[in-house]
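What follows is a short report on a single structure.
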Amino acid sequence: GENVEQHPSTLSVQEGDSAVIKCTYSDSASNYFPWYKQELGKGPQLIIDIRSNVGEKKDQRIAVTLNKTAKHFSLHITETQPEDSAVYFCAASPNNFNKFYFGSGTKLNVKP
Amino acid sequence: DARVTQTPRDKVTEMGQEVTMRCQPILGHNTVFWYRQTMMQGLELLAYFRNRAPLDDSGMPKDRFSAEMPDATLATLKIQPSEPRDSAVYFCASGPGYSETQYFGPGTRLLVL
């Protein structure tokens, strides 16, 4: 089955700096890659996603890049703010009835 | 603002007791997923349904866990008998079916003493 690895496990940045979280996947059949943000005591919230026919997608301060050849994808957050502090999860989905394989999560701390 | 709802939000029970968790998917969504989240294992898929039919429940301990969708607006996850190792946060997610997107509920935090 698919195996998704996520790095780093924790990330601390100063407010206004950029943050980058990286994930690798093993199954070349994976074609959908969502990113979720989970705040304390809440469920994961979808923040951005990308499909395998696209190399990059941007939504305001958040962007995701995908390298299919290398089987890795990354989340980029620019101009970080304290409210960006949360745990971020990547996931990969083969064309298999929407089954997601999640990374282990990255705890992002944005220091004011 | 459509969202997935889950009840109860918190549950404390004693080992051996039956636990039932409920989920109301977003209206019109035809895929429903149950996940378990722990510090050690992260987010694990337990089971999922499409059009109320179970597609995959390989992530569930079959002897004690069961998942059903009595109708399109209700999904249930039952543990009988519960054990301390079942302590975790259980999330339900739903998806529209025509895309891969999944929307998560707020979770049920279960503590089995």
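Chains D and V supply the protein sequences, listed in that same order.
According to this note's numbering, the stretch in the first sequence is residues 888 to 999, in order.
According to this note's numbering, the stretch in the second sequence is residues 130 to 242, in order.
Yeah, the Cβ is synthetic: ideal placement off N, Cα and C, and Gly gets one too.
Three-state secondary structure (DSSP) of E173 (chain V): In the second sequence, counting from the first residue as 1, residue 173 (chain V) sits at position 44. E173 (chain V): strand per DSSP, three-state reduction.
Do you know how far the Cα of N985 (chain D) is from the Cα of T134 (chain V)? As a position in the second sequence, residue 134 (chain V) is number 5, starting the count at 1. As a position in the first sequence, residue 985 (chain D) is number 98, starting the count at 1. Rounded to whole angstroms, T134 (chain V) to N985 (chain D) spans 20 Å at the Cα level.
CB of L174 (chain V) to nearest heavy atom of the ligand ADP: below 7 Å? This structure does not include the ligand ADP; it has no bound ligands of any sort.
Name the two residues that bound the continuous beta strand (DSSP E) containing Y227 (chain V). By 1-based counting over the second sequence, the position of residue 227 (chain V) is 98. Judged by DSSP secondary structure, Y227 (chain V) falls outside any beta strand (DSSP E); it is assigned neither H nor E.
Using a threshold of 8 Å, state whether the C-beta atoms of K960 (chain D) and D936 (chain D) are closer than that. Position 73 of the first sequence, counted from the start, is the residue given in the question as residue 960 (chain D). Position 49 of the first sequence, counted from the start, is the residue given in the question as residue 936 (chain D). Here the sequence assigns Phe to residue 960 (chain D), which means Lys is not the residue at that position. Contact annotation: F960 (chain D) and D936 (chain D) have beta-carbon atoms that are not nearer than 8 Å.
Check the Cβ of F329 (chain V) against every Cβ in chain D and list those closer than 9 Å, keeping chain order. Nothing can be reported for residue 329 (chain V): it is not among the residues displayed for chain V, which extend from 130 to 242.
Of all the options V:R132, V:L240, V:V161 and V:T202, which has the alpha carbon lying nearest to the alpha carbon of L184 (chain V)? Here the question's residue 184 (chain V) lines up with position 55 in the second sequence. L184 (chain V) has its Cα closest to that of V:V161, out of V:R132, V:L240, V:V161 and V:T202.
Chain D contacts made by the region 215-232 of chain V, where a contact means CB separation under 9 Å: Taking 9 Å as the Cβ-Cβ cut-off against chain D, the residues of the region 215-232 of chain V that qualify are V218, F220, C221, A222, G224, G226, S228, E229, T230, Q231 and Y232.
Residue-chain proximity (K986 (chain D), chain V), Cβ-Cβ < 8 Å: Reading the first sequence from its first residue, position 99 is the one you call residue 986 (chain D). Taking 8 Å as the threshold, the shortest C-beta distance from K986 (chain D) to chain V falls below it.
Chain D within 8 Å of L172 (chain V), Cβ atoms only: If you number the second sequence from 1, residue 172 (chain V) lands on position 43. With respect to chain D, the C-beta atom of L172 (chain V) has a partner C-beta closer than 8 Å.
Cβ of G942 (chain D) less than 8 Å from any chain V Cβ? To locate residue 942 (chain D), count along the first sequence from 1; it is residue 55. Under the Cβ distance rule, G942 (chain D) does not count among the residues neighbouring chain V, no pair being separated by less than 8 Å.
Is V241 (chain V) buried or exposed, if buried means 16 or more other CB atoms sit within 10 Å of its CB? For the purposes of this step, residue 241 (chain V) is identified with residue 112 of the second sequence, where counting begins at 1. Its Cβ being crowded by 16 or more others within 10 Å, V241 (chain V) is buried.
Can you tell me which residues form a DSSP beta bridge with I908 (chain D)? Residue 908 (chain D) sits at position 21 when you count from the first residue of the first sequence. Here I908 (chain D) is bridged, per DSSP, to D:L962.
Terminal residues of the beta strand (DSSP E) in which D936 (chain D) lies: Taking the first residue of the first sequence as position 1, residue 936 (chain D) is located at position 49. Under the DSSP assignment, D936 (chain D) falls in the beta strand (DSSP E) whose first and last residues are Q932 to R938.
Shorter than 8 Å from the beta carbon of D904 (chain D) to some beta carbon of chain V? Here the question's residue 904 (chain D) lines up with position 17 in the first sequence. Not one chain V Cβ lies under 8 Å of D904 (chain D).
Meets three-Cβ-pair contact criterion under 8 Å: the region 920-930 of chain D and the region 147-156 of chain V: The region 920-930 of chain D vs the region 147-156 of chain V: no contact.
Using a beta-carbon distance below 8 Å, is F989 (chain D) in contact with chain V? Taking the first residue of the first sequence as 1, we reach residue 989 (chain D) at position 102. F989 (chain D) counts as touching chain V.
How many whole angstroms separate the CB atoms of A973 (chain D) and F987 (chain D), which I take to be in contact at a CB cut-off of 8 Å? Position 86 of the first sequence, counting from 1, holds the residue named residue 973 (chain D). Position 100 of the first sequence, counting from 1, holds the residue named residue 987 (chain D). Contact doesn't hold; Cβ gap of about 18 Å is too wide.
Exposed unless 16 or more other CB atoms sit within 10 angstroms - verdict on M138 (chain V): By one-based count along the second sequence, residue 138 (chain V) stands at place 9. Here the sequence assigns Arg to residue 138 (chain V), which means Met is not the residue at that position. With fewer than 16 Cβ atoms within 10 Å of its Cβ, R138 (chain V) is classed as exposed.
Span of the beta strand (DSSP E) holding K924 (chain D)? On the first sequence, position 37 is the one that residue 924 (chain D) refers to. That run of the beta strand (DSSP E) goes S917 to Q925.
Alpha carbon to alpha carbon, how far is D904 (chain D) from A204 (chain V)? Give it in angstroms, no decimals. Taking the second sequence and counting its residues from 1, one reaches residue 204 (chain V) at position 75. Taking the first sequence and counting its residues from 1, one reaches residue 904 (chain D) at position 17. Cα to Cα, A204 (chain V) sits roughly 42 Å from D904 (chain D).
Does any residue of chain D have a CB that is nearer than 8 Å to the CB of G157 (chain V)? Reading the second sequence from its first residue, position 28 is the one you call residue 157 (chain V). Cβ-Cβ to chain D under 8 Å: no for G157 (chain V).
Tell me, please, whether the CB atom of T160 (chain V) is closer than 8 Å to any CB atom in chain D? The residue you call residue 160 (chain V) lines up with position 31 of the second sequence. Under the Cβ criterion of 8 Å, T160 (chain V) is counted among the residues facing chain D.
What span of residues does the beta strand (DSSP E) with L898 (chain D) cover, start to end? Numbered from 1 along the first sequence, position 11 holds the residue referred to as residue 898 (chain D). L898 (chain D) -> beta strand (DSSP E) spans T897 to Q901.
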